[in-house]
Amino acid sequence: MLLRLRVGVTRRSAALLAAVPRGDAPAALPLPRRLHDAADHRPKPGGPLTLYRDLVSQGKLRHDVYQENVASELDSLLGRLERYEMEMEDYHTKLSMWDNTREKERRRLLLEEAEDKQHDGVWIDEKRGFLDKLISRKRRANIEPGVGRWVSYLNRERKLDNLVGQKPVAPVAPKGLYLYGNVGSGKTMLMDMFYGATEGVIKHRRRFHFHEAMLEIHDHMHDVWKRRDDGKSMESSAFSWISGLPFDAKIKEWLIGEEKYKQDKHQKHILLAVADKFLVDRQANKCGASILCFDEIQTIDVFAIVALSGILSRLLSTGTVLVATSNKAPEDLNQDGMQREIFLELLSKLDETCNKILVGTETDYRRLIPTDGSTQIHYYWPTNPDTRSMFEAMWHDITNQTGGNITAVTIPVMFGRSIEIPQSCSGVARFDFEYLCGRPVGAADYIAIARNYHTIFISDLPAMSMKIRDKARRFITLIDEMYNHHCRLICLATLPIDNLFQGTEEGPLFDLEREHLHLYLDSWMHDPLTTLVNCS
89 MLLRLRVGVT
99 RRSAALLAAV
109 PRGDAPAALP
119 LPRRLHDAAD
129 HRPKPGGPLT
139 LYRDLVSQGK
149 LRHDVYQENV
159 ASELDSLLGR
169 LERYEMEMED
179 YHTKLSMWDN
189 TREKERRRLL
199 LEEAEDKQHD
209 GVWIDEKRGF
219 LDKLISRKRR
229 ANIEPGVGRW
239 VSYLNRERKL
249 DNLVGQKPVA
259 PVAPKGLYLY
269 GNVGSGKTML
279 MDMFYGATEG
289 VIKHRRRFHF
299 HEAMLEIHDH
309 MHDVWKRRDD
319 GKSMESSAFS
329 WISGLPFDAK
339 IKEWLIGEEK
349 YKQDKHQKHI
359 LLAVADKFLV
369 DRQANKCGAS
379 ILCFDEIQTI
389 DVFAIVALSG
399 ILSRLLSTGT
409 VLVATSNKAP
419 EDLNQDGMQR
429 EIFLELLSKL
439 DETCNKILVG
449 TETDYRRLIP
459 TDGSTQIHYY
469 WPTNPDTRSM
479 FEAMWHDITN
489 QTGGNITAVT
499 IPVMFGRSIE
509 IPQSCSGVAR
519 FDFEYLCGRP
529 VGAADYIAIA
539 RNYHTIFISD
549 LPAMSMKIRD
559 KARRFITLID
569 EMYNHHCRLI
579 CLATLPIDNL
589 FQGTEEGPLF
599 DLEREHLHLY
609 LDSWMHDPLT
619 TLVNCS
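And the structure:
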């Protein structure tokens, strides 16, 4: 089912790679000045530009000047990444040596301080006279709690800077790309060509769709919290190297306190800790460059803004190269003004580390895909005996073709959860709207369903209004994942597809949800693989 090009283009991108009608290409809009002329760029063998031109020459893509210039930019970035990978490997080798040397010197300084305290009798008052004891105790009593430890920590860090030298400087990362434009303009296809071409070039590389990234962030946050809780219960073993030292109990207690203070100082904010594990293999701490391909960046709620800002800013600040797609320019992502200061920080970081490129074609290339007779979407309306009868007939026809054994099953979801599928039959599942969107379920559940079923039946779709805003937002996420995983969809709805999101007397959805849902409904209406059935 999944079309695999030699660079690993995903199913969603592969939909654009079918044969297109012959004829003159649409007139292109003026190119942004930032883009160089693709004709002046020597394409890399196996790179995005070579692949794009091959597909055009084979008639699998229609030539588009915007797409070719983006492919050229991606090709140039790939060339810079090869050098950057070698520079980052060298940097991480030096950094590892620097870290090890600094830790050895830090422990040596710590032990020297402990020996001085032991020999000078900081806690052995028998060696001192009464007046010395009294003065010493008063001095220690006058120090604000934590200040003494903070001062000794800073002094130790300064000594380490002199002994070990400054931290190695990371090489400058090449600027990534932020691709934005209308649906169907080929953004995801081009990004996937690039991602496939990075295999064997970049060690740490990940490709995420928005919802998958959010779930991964939640998963990593859970792991960080769990490790911190486990760390507290294993605290004594972490300082076991101190127990065998030839010091008095109070000196050892001081050493443990200094170690705890250092750990607390170095403990990262949870989003920074998540970012540092986001791209690296959990089982292997390899060095090298990292690249993140992020499909459909969105800021749908406060958590998305805070999480994306914290994690992307951290990744970009530590040398990760970002290639992202979105339907909107960065400055238009947060039109509701949520967490404005945090969002502006993210915009500043994106502007610093990425070139923004408009994929400005006015053609939706998905509309040029010829139908092969295998209709992917059936949409029946309104809900009446005739449409329900046709909906049921299609359900029985398809399930009979796959064996006819309809059962209720349970499939696993992320975070150790599961979801029950009330009617399941060899890759075909059936639900009503309330079951999928009227309960506390979300993207993780919908991704699990999309991965396990190639055909989804959904009945009783209502009008999407403010009265059922939470259900409507779940429906948007559901359709997003069905579309992303290229599932076949059969729906029975109250209203025609172009009126589904306009609401009722209770009012329409907020502009954000209305616009987002419209993108998918518009895609359905103009998709040649969609059958609309009106029995009103």
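If you number the sequence shown the way my numbering does, the last residue is 624 and the count never jumps. C-beta: ideal position from N, C-alpha, C; glycine also.
- Going by DSSP, N443 is part of the beta strand (DSSP E) stretching over 442-446.
- Straight-line measurement puts the Cα of N422 at about 27 Å from the Cα of E161.
- The C-alpha of F479 lies about 7 Å from the C-alpha of Y468.
- Counting C-beta atoms within 10 angstroms of its own C-beta, E287 has fewer than 16 neighbours from the protein chains shown and is therefore classed as exposed.
- Spatial neighbours of L169 in its own chain (CB-CB distance under 8 Å, excluding positions within 5 residues in sequence) are listed in chain order as P262, T286, V289, I290, A377, I379, V409.
- Looking at the backbone, the Cα of A258 and that of M176 are separated by about 7 Å.
- Rounded to the nearest angstrom, the gap between the Cα atoms of G167 and D485 is 52 Å.
- DSSP places E384 in the coil class of the three-state scheme, outside both helix and strand.
- In this structure, DSSP gives V144 a helical state, which the three-state scheme calls helix.
- DSSP, read as helix, strand or coil, puts H574 in coil.
- Looking at V394, I358, C381, N243, the one whose alpha-carbon comes closest to that of R315 is I358.
- Residues M279, Y283, R295, V411 of the same chain have their beta carbon placed closer than 6 Å to that of C381, with the five preceding and five following residues left out of the count.
- In the three-state DSSP reduction, V153 falls in the helix class (H, G or I).
- Under the 10 Å beta carbon count, M185 is surrounded by fewer than 16 other beta carbons and is classified as exposed.
- In the three-state reduction of the DSSP assignment, P136 falls in the helix class, which pools H, G and I.
- Remark: C-beta atoms of G398 and A363 approach each other more closely than 9 Å.
- In this structure, E569 is the residue among D558, L198, T565, E569 with its C-alpha nearest to the C-alpha of Y541.
- The beta-bridge partner set that DSSP reports for G264 consists of C442.
- Nearest to D178 by C-alpha distance, out of K559, P256, L248, S273, is P256.
- In the assembly as shown, S477 is an exposed residue. Its beta-carbon has fewer than 16 other beta-carbons within 10 Å.
- Just measuring C-alpha positions, the residue of L580, L435, V529, Q511 sitting nearest D474 is L580.
- With a cut-off of 8 Å on Cβ pairs, the segment 436-446 is not in contact with the segment 538-554, counting fewer than three such pairs.
- Short of 8 Å from the beta carbon of A496, and not among the five residues preceding or following it, lie these beta carbons of its own chain, in chain order: E508, I509, P510, Q511, S512.
- When rounded, the separation of the alpha-carbon atoms in L265 and G134 is 19 Å.
- Y534 places its beta carbon less than 9 Å from that of L566.
- Residue nearest to L242 within the set L197, G272, C525 is L197 (criterion: CA-CA distance).
- Across the structure, C442 and C525 are spaced so that their CA atoms are roughly 37 Å apart.
- With 16 or more other Cβ atoms from the protein chains shown falling within 10 Å of its own Cβ, G448 counts as buried.
- Taking 3 residues as the shortest admissible run, the segment 540-565 contains the following complete beta strand (DSSP E) segments, listed from N- to C-terminal end: 543-549.
- For K559, same chain residues with a beta-carbon under 7 Å away, outside a window of 5 residues either side, are C525, G526 in chain order.
- Residue pairing by DSSP puts V497 in a beta bridge opposite I509.
- The three-state secondary structure of F519, taken from DSSP, is strand.
- Collapsing the DSSP output to three states places T408 in coil.
- For G272, the number of other beta carbons within 10 angstroms of its own is at least 16, and it is reported as buried.
- The C-alpha of F519 lies about 16 Å from the C-alpha of R539.
- The DSSP-derived three-state label of F296 is strand.
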